[in-house]
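Trainee: Once you've had a glance at the structure underneath, I'll fire off some questions.
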Amino acid sequence: MRDLFTAVFYAVNIGTWAKVVVALNINLEVVGRERVPRKGPLILACNHLNIADPPIITVAFPRRVVWMAKRELFDTPVLGILYHLYGCLPVRRTEADLKALREAQDVLRKGLVLGMFPEGTRSRIPGLRKAEPGTALIALRTGVPIVPVAITGTEPIHLPGSLFQFLQRRRHHVRLAFGEPFTLPQVERVRTEAVEQGADMIMRRIAELLPLEYQGIYADAAAAPAGRSGES
Numbered sequence: 000m001r002d003l004f005t006a007v008f009y010a011v012n013i014g015t016w017a018k019v020v021v022a023l024n025i026n027l028e029v030v031g032r033e034r035v036p037r038k039g040p041l042i043l044a045c046n047h048l049n050i051a052d053p054p055i056i057t058v059a060f061p062r063r064v065v066w067m068a069k070r071e072l073f074d075t076p077v078l079g080i081l082y083h084l085y086g087c088l089p090v091r092r093t094e095a096d097l098k099a100l101r102e103a104q105d106v107l108r109k110g111l112v113l114g115m116f117p118e119g120t121r122s123r124i125p126g127l128r129k130a131e132p133g134t135a136l137i138a139l140r141t142g143v144p145i146v147p148v149a150i151t152g153t154e155p156i157h158l159p160g161s162l163f164q165f166l167q168r169r170r171h172h173v174r175l176a177f178g179e180p181f182t183l184p185q186v187e188r189v190r191t192e193a194v195e196q197g198a199d200m201i202m203r204r205i206a207e208l209l210p211l212e213y214q215g216i217y218a219d220a221a222a223a224p225a226g227r228s229g230e231s
């Protein structure tokens, strides 16, 4: 019953006022949306610039996304309740959160889309940071496809003030690019080396979709396309 309530709440809110708010305040350019599989479990892996990134991606994405978010957000007034209602998963960023790992794997077993920011925090400019192990660990343990996503242009957005940009007849230009789905090479045992290599592969796929100034420490790697083993 709880899953049904969350799905209905998500669909009603994202399909109505959330789309209107984004359309009024943002000139959204979406590239590669046709690459997103319409069925089956997926990990959505994206760079992270601004707290506005998740709602913008959610509105543009053709399927429901279950986002993993830092636990502190669930304790904030009003917003914390919304995170729960939308079915987001709280995660402790400073330690190995086994409960969050199990819940994330359960989301994928249900055939849903798990949204993650591999860097674990907002990078802004000078671009991509080294990835935390969480996204690669879940991908290796489940074997599900990963859709790399790159978002740019959200840096000047300041919430809640930017929700009223349309009153000044101004809109932020945001670009959202979806890459080809891929899977990480599967291993017999998930060891630290495999996780680090998987995290690097995920970040290079994201970097390929970003302008040079956003690629950060993965700029050199993005110049040469990431290995294509495991394409879906």
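Numbering of the sequence shown is given in numbering that gives the first Met the number 0, commencing with residue 0 and proceeding in unit increments.
A virtual CB, placed ideally from N, CA and C, is assigned to each residue, including glycine.
Quick caveat, the model's predicted, so the values are computed rather than measured.
Got a sec, what are the start and stop residues for the beta strand (DSSP E) V7 sits in?
Mentor: Per DSSP, V7 belongs to no beta strand (DSSP E); it is in the alpha helix (DSSP H), R1 to N12.
Trainee: Could you check whether the Cβ of F8 sits closer than 7 Å to any heavy atom belonging to the ligand SAM?
Mentor: Questions concerning the ligand SAM fall outside what the structure shown contains, since it holds no ligand whatsoever.
Trainee: For A109 versus V58, is the C-beta distance shorter than 8 Å?
Mentor: Note that residue 109 is Lys in the sequence shown here, rather than Ala. Contact: no.
Trainee: For G142, which residues in the same chain have their Cβ closer than 7 Å to its Cβ, ignoring the five residues on either side in sequence?
Mentor: Once the five neighbours on either side are set aside, the close Cβ partners of G142 are T182 and Q185.
Trainee: Answer with buried or exposed for G126, where buried requires no fewer than 16 other C-beta atoms within 10 angstroms of its C-beta.
Mentor: Classification for G126: buried.
Trainee: Considering R174, what are the terminal residues of the alpha helix (DSSP H) in which it resides?
Mentor: Not the alpha helix (DSSP H): R174 falls in the beta strand (DSSP E), residues H171 to F177.
Trainee: Using only the alpha-carbon positions, how far apart do G114 and L84 sit?
Mentor: G114 and L84: Cα-Cα distance of roughly 16 Å.
Trainee: What would DSSP say about S228, mapped onto helix, strand or coil?
Mentor: Residue confidence for S228 is low, a pLDDT of 49 falling below 50, so the modelled location carries little weight; the figure read from the coordinates is stated next. Three-state DSSP puts S228 in coil, outside helix and strand.
Trainee: How big is the Cα-Cα spacing for I201 and L136?
Mentor: Cα to Cα, the separation comes out at about 11 Å.
Trainee: For A44, which of helix, strand or coil comes out of DSSP?
Mentor: Of the three classes helix, strand and coil, the one that applies to A44 here is strand, per DSSP.
Trainee: Give me the DSSP bridge partner(s) of G114.
Mentor: Paired residue(s): L43 and W66.
Trainee: In whole angstroms, what separates the C-alpha of L209 from that of H171?
Mentor: About 18 Å.
Trainee: When the Cα of E234 is compared with those of V30, E195 and R140, which residue comes out closest?
Mentor: Because residue 234 is not part of the residues shown, which for the chain are 0 to 231, the question remains open.
Trainee: How would you write the range of the beta strand (DSSP E) that V29 sits in, first residue to last?
Mentor: I25 to V30 is the extent of the beta strand (DSSP E) around V29.
Trainee: In the DSSP assignment, the beta strand (DSSP E) including I150 goes from what residue to what residue?
Mentor: Looking at the DSSP string, the run of the beta strand (DSSP E) that includes I150 is I145 to T151.
Trainee: Using the Cβ count rule (16 or more neighbours within 10 Å means buried), how would you classify V7?
Mentor: It counts as exposed.
Trainee: Starting from the C-beta of F73, find all residues in its chain whose C-beta is less than 6 Å away, skip the five residues before and the five after it, and write them out in chain order.
Mentor: So the qualifying residues of the chain are G79, Y82 and P89.
Trainee: Out of curiosity, what's the CA-to-CA distance linking Q196 and G178?
Mentor: In a straight line, the C-alpha of Q196 is about 19 Å away from that of G178.
Trainee: Which word fits P155, buried or exposed, when buried means at least 16 other C-beta atoms lie within 10 angstroms of its C-beta?
Mentor: By the neighbour-count rule (16 or more Cβ atoms within 10 Å), P155 is not buried but exposed.
Trainee: Answer with buried or exposed for V112, where buried requires no fewer than 16 other C-beta atoms within 10 angstroms of its C-beta.
Mentor: Buried is the call here.
Trainee: Within 10 angstroms of its Cβ, does V173 collect 16 or more other Cβ (buried), or is it exposed?
Mentor: Per the 10 Å Cβ criterion, buried.
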